[in-house]
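Undergrad: Structure incoming, see below.
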Amino acid sequence: MGWLAAFRLAFGAIMVHKGRSVLTSLGIVIGTASVIAMVSAANGARKKLDERLDNVGRNLILIRAGTRNANGTLADFKPLTNDDAGTLRRQVKSGVNSFAEVQASMRVVSTRTRHTPTMITGTVPDFAKVRMWPLEHGRFLTDEDLKKQATVVVLGATIRDKLFPDLANPVGQSIRIDSMNLRVVGVTTPKGRSPIGGDQDDQVFIPVSTLQRKLAGGVENLSLILTSVTDLTQMDAIKKDVSRVLREKRRCKTQDDFDVSSVQEMTELAVIMTRTMQVLIAVIASISLLVGGIGIMNIMLVSVTERTREIGIRMAIGATPRDVLVQFLIEALMLALVGGLIGVSIGLGGAVLMAFAAKWPVSVDGTMVSLSFAVSAGVGVFFGYYPALKASRLDPIDALRYE
Amino acid sequence: MDVIRLERVEKVYGSSGVEVRALRGIDLSIRRGEFVAIRGSSGSGKSTLMNILGCLDQPSTGRYLLDGVDVKSLNRAQLARIRNQKLGFVFQGFNLLKRHSAIENVELPLIYRGIPADVRRAKALQMLEIVGLKMRLDHHPNQMSGGQQQRVAIARALINEPQILLADEPTGNLDSATGKEILREFHRLNRELGQTIVMVTHDVVIAEQAPRVVTIFDGNIRSDVTNPGPHTLELASGRR
Ligand SMILES: Nc1ncnc2c1ncn2[C@@H]1O[C@H](COP(=O)(O)OP(=O)(O)OP(=O)(O)O)[C@@H](O)[C@H]1O
Ligand SMILES: [Mg+2]
């Protein structure tokens, strides 16, 4: 029998029981739909995370004060000082883009007409180099500013938009933090959100000396010391170097009272979570496909029994066992493919909806869609084989006599 | 040469203890172009014999040579091919596929022979015309009378130009008028196309109109009579 004739035959048989066919393929529908939707979601989430990781910089190392507890949180703070940063700057030279002190404080910044709370980041000129953060207008902080505790400020793009909505370049304008007037000397380029979701452009930069002396009342308590490696493969070596130098400097005996971590490893948790999710999806999908496959096998067995007489007639007029086998295999295959088609459509719809809801890029993988179809087809053929074989082995006489 | 040759064919149903010996040593030869009626009382073994002749079943012992080939040497696929190309069946219960139209039913043997669709259509049309059903192409079996269904079945049986047409009580489910019509069809096919026909019937009148009548009794051939002279039967020469 020709393939075209065989497919037409199978299609006709399926159309006889439309409702039953759709219900039968439900397992496959759920399997493929969940795979497509969830894998797309995981990919989207992953892409978004990657994007943000790139925004922050994969090469960034964060040094924070505190002892790491058994449960992984930081506690028991002995502040990081300018001196700590200075020591690191002097002793760890190769493989890093310098070090930058960061002391942050939430304050309200204002112009004459506008006020907005934001992060005041006291830092050093090297910060721009460490974060590889170019300027949109003006200049970044200078050594001169640092030395003089100058009242100058570099605005993040978001703050610029909030304080000077009509002014793209506010260099030369002045703003106020508490009672201190500062002159705007630069605006940084937008950098977007961090992996944690914070807007990195919602902050202003002032010399760390200015912050410590004039805003924090002389308190020297660095929130962070930042550095970035020039070569990602050297990440672990540099981290070790940094730890060694600081351990010596801060005279740590049994336990470090600081924490050195890379942005990359901080996001590893998220990566592990997406992995776990993917495994879970794979399990769910396999189970639904299995259930779907058994459903197909079941309905095909019913179909073979129902149509025993038809099989007998076909054999009597010349259908070979192979013709019968192929006929029922194709039916099972088509049932599975119908399920696959519905499942893929639902899955794609779900993926798009989720992407909109979670504001991550729609990420539909063409190979995944074709793989879904291939797997559906495989399930159909695998689970359809036994019923088809049963049909093909019927004895023509017995089948003809069947009531 | 004999198209059909049975040598001491026996058929035993069931396993030891409850055996039924349906055929008890049948010797039968049928030549090309013959019209043989097989008659006998109910349970005498007619259908059993037909099933063996039609390669739907195999003898328990003895040989069946179809066109000189011992069917015992053939596998299931080869038997299917023989049923498809050398044999045509007409059953008492028509055995049409309910979900398919008349023309699709007639086409079916050609599908299994791998004939392209357009050729199939044309041939099936031609066959339906021969049996006088050109107006009922797209009717489904449940939209046709018994006689029409049996004509469709005949068209289906003949579409591959089989060497033998086998019919097991083809008129059994039809009223006598329609039955006569079908029989007239058979006689015409035999006379005009030289179609070899083996037909089972337990209707004595019908059987005696056939050129050769084989009577089966209790699994044995009781008589094998060739009616003398040309068949100037009222039925056979009647109007179409
Ligand atoms: N599948 C079977 N299993 C067991 N016995 C069977 C089977 N088929 C037929 N028989 C027996 O074989 C004998 C012959 O049956 P068969 O059907 O050939 O008779 P028949 O001549 O066609 O009768 P009828 O005119 O009623 O159709 C009967 O006794 C029947 O009971
Ligand atoms: Mg019978």
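Chain order of the listed sequences is U and R. For the first sequence, our numbering begins at 1 and goes up steadily by one. For the second sequence, our numbering begins at 1001 and goes up steadily by one. Every residue gets a Cβ at the ideal spot worked out from N, C-alpha and C, and that includes glycine.
1. Give a yes or no on whether 9 angstroms exceeds the smallest Cβ distance from P1170 (chain R) to chain U.
2. At a cut-off of 8 angstroms, would you count A282 (chain U) as near ligand 1, judging by its Cβ distance to the nearest heavy atom?
3. Do you know how far the Cα of T118 (chain U) is from the Cα of L269 (chain U)?
4. Using only the alpha-carbon positions, how far apart do V338 (chain U) and V22 (chain U) sit?
5. How is D323 (chain U) classed by DSSP in three states: helix, strand or coil?
6. For chain A, is any of its Cβ atoms less than 9 angstroms away from the one on D323 (chain U)?
7. Report the start-end ranges of each alpha helix (DSSP H) in the region 169-256 of chain U that is 4 residues or longer and not cut off at the edges.
8. When burial is assigned at 16 or more other CB atoms within 10 Å of the CB, is N69 (chain U) buried or exposed?
9. Which residue marks the beginning of the alpha helix (DSSP H) containing T1048 (chain R), and which one marks its end?
10. Using alpha carbons as the reference points, say which of R:E1034, R:Y1013 and R:V1018 lies closest to I1052 (chain R).
11. If I follow the unbroken beta strand (DSSP E) through Y386 (chain U), where does it start and stop?
12. Applying a beta-carbon distance threshold of less than 8 angstroms, which residues of chain U neighbour G1114 (chain R)?
13. Taking contact to mean 3 or more Cβ pairs, one atom from each stretch, closer than 8 angstroms, check whether the region 95-104 of chain U and the region 220-239 of chain U are in contact.
14. With DSSP run on the structure shown, which of helix, strand or coil describes E331 (chain U)?
15. For A1207 (chain R) and T320 (chain U), I'd like the C-alpha separation in whole angstroms.
16. Could you pull out every unbroken beta strand (DSSP E) segment of at least 3 residues lying fully inside the region 1139-1211 of chain R, listed in chain order?
17. Identify the continuous beta strand (DSSP E) that holds Q103 (chain U) and give its terminal residues.
18. Should the region 38-56 of chain U be regarded as contacting the region 1124-1132 of chain R, the criterion being three or more beta carbon pairs within less than 8 angstroms?
19. Check this for me: beta carbons of A6 (chain U) and V326 (chain U), under 9 angstroms apart or not?
20. Can you tell which of U:K390, U:M273, U:R114 and U:A374 has the C-alpha that lies nearest to the C-alpha of L329 (chain U)?
21. Using 10 angstroms around the beta-carbon of V1205 (chain R), count the other beta-carbons present and answer buried if the total reaches 16, otherwise exposed.
22. Under 7 angstroms between beta-carbons, which chain R residues line up against E310 (chain U)? List them in chain order, please.
23. Going by the CB atoms, is the gap between A104 (chain U) and L80 (chain U) shorter than 9 angstroms?
24. Can you look up T123 (chain U) in the DSSP assignment and give me helix, strand or coil?
25. With 9 angstroms as the threshold, decide whether the Cβ of Q1126 (chain R) is near any Cβ in chain U.
26. Are there 16 or more other CB atoms within 10 angstroms of the CB of D166 (chain U), so buried, or fewer, so exposed?
27. For a test of your reading of the model: does the CB of K1011 (chain R) fall under 8 angstroms from any non-hydrogen atom of ligand 2? Yes or no.
28. Do you know whose CA, among U:R107, U:S376 and U:F373, lies nearest L215 (chain U)'s CA?
29. Throw me the rounded Cβ distance for the F1089 (chain R) and G1054 (chain R) pair, which I believe falls under 8 angstroms.
30. Given that P396 (chain U) touches chain R, what residues does it touch there, using C-beta distances under 7 angstroms?
31. CA-CA distance, T274 (chain U) and E265 (chain U)?
32. Whose C-alpha, out of R:I1197, R:S1047, R:R1081 and R:D1027, is nearest the C-alpha of L1065 (chain R)?
33. Does the beta carbon of S1041 (chain R) fall short of 8 angstroms from some heavy atom of ligand 2?
34. Indicate, with yes or no, if ligand 1 has a heavy atom lying under 8 angstroms from the CB of L1110 (chain R).
TA: Walking through what the data contain:
1. Chain U, which has no Cβ nearer than 9 angstroms to the Cβ of P1170 (chain R), makes this no.
2. Distances from the CB of A282 (chain U) to the heavy atoms of ligand 1 are all 8 angstroms or more.
3. Rounded to the nearest whole angstrom, the CA to CA distance from L269 (chain U) to T118 (chain U) is 28 angstroms.
4. Straight-line Cα distance between these residues: approximately 8 angstroms.
5. If DSSP states are grouped into helix, strand and coil, D323 (chain U) belongs with the helices.
6. No chain A is part of this structure, whose protein chains are labelled U and R.
7. If we require 4 residues or more, the alpha helix (DSSP H) runs fully inside the region 169-256 of chain U come out as 235-249.
8. It counts as exposed.
9. K1046 to L1053 is the span of the alpha helix (DSSP H), which, as asked, contains T1048 (chain R).
10. The closest CA to that of I1052 (chain R), considering only R:E1034, R:Y1013 and R:V1018, is found on R:Y1013.
11. Per DSSP, Y386 (chain U) belongs to no beta strand (DSSP E); it is in the alpha helix (DSSP H), G366 to S392.
12. Ordered by position in chain U, the residues that pass the 8 angstroms Cβ test against G1114 (chain R) are M1 and G2.
13. They touch, by the three-pair rule.
14. In the three-state DSSP reduction, E331 (chain U) falls in the helix class (H, G or I).
15. The C-alpha of T320 (chain U) is placed about 34 angstroms away from the C-alpha of A1207 (chain R).
16. Runs of the beta strand (DSSP E) inside the region 1139-1211 of chain R: 1164-1168 and 1196-1200.
17. Where Q103 (chain U) is concerned, the enclosing beta strand (DSSP E) stretches over V96 to S110.
18. Verdict: no, contact absent.
19. With respect to the 9 angstroms criterion, A6 (chain U) and V326 (chain U) are classified as neighbours on the basis of their beta carbons.
20. Distances from the alpha-carbon of L329 (chain U) to those of U:K390, U:M273, U:R114 and U:A374 put U:K390 closest.
21. By the C-beta density criterion, V1205 (chain R) is exposed, having fewer than 16 other C-beta atoms within 10 angstroms.
22. In chain order: L1097.
23. Between L80 (chain U) and A104 (chain U), the C-beta spacing is not below 9 angstroms.
24. T123 (chain U) carries a strand assignment under DSSP once its states are collapsed to helix, strand and coil.
25. It does not: the Cβ of Q1126 (chain R) has no partner Cβ on chain U nearer than 9 angstroms.
26. Label assigned to D166 (chain U): exposed.
27. With a cutoff of 8 angstroms, K1011 (chain R) does not count as near ligand 2, since its C-beta is closer than that to no heavy atom of the ligand.
28. Check the Cα spacing between L215 (chain U) and each of U:R107, U:S376 and U:F373: the tightest is with U:R107.
29. For F1089 (chain R) against G1054 (chain R), the beta-carbon gap comes to about 6 angstroms, under 8 angstroms, which counts as contact.
30. Close to P396 (chain U), with beta-carbon spacing below 7 angstroms, are these residues of chain R in chain order: L1056.
31. Their Cα atoms are separated by approximately 15 angstroms.
32. Considering only alpha carbons, the answer is R:D1027.
33. False, no ligand heavy atom lies under 8 angstroms from that Cβ.
34. Using a cutoff of 8 angstroms, the CB of L1110 (chain R) does not count as near ligand 1, since none of the ligand's heavy atoms is closer than that.
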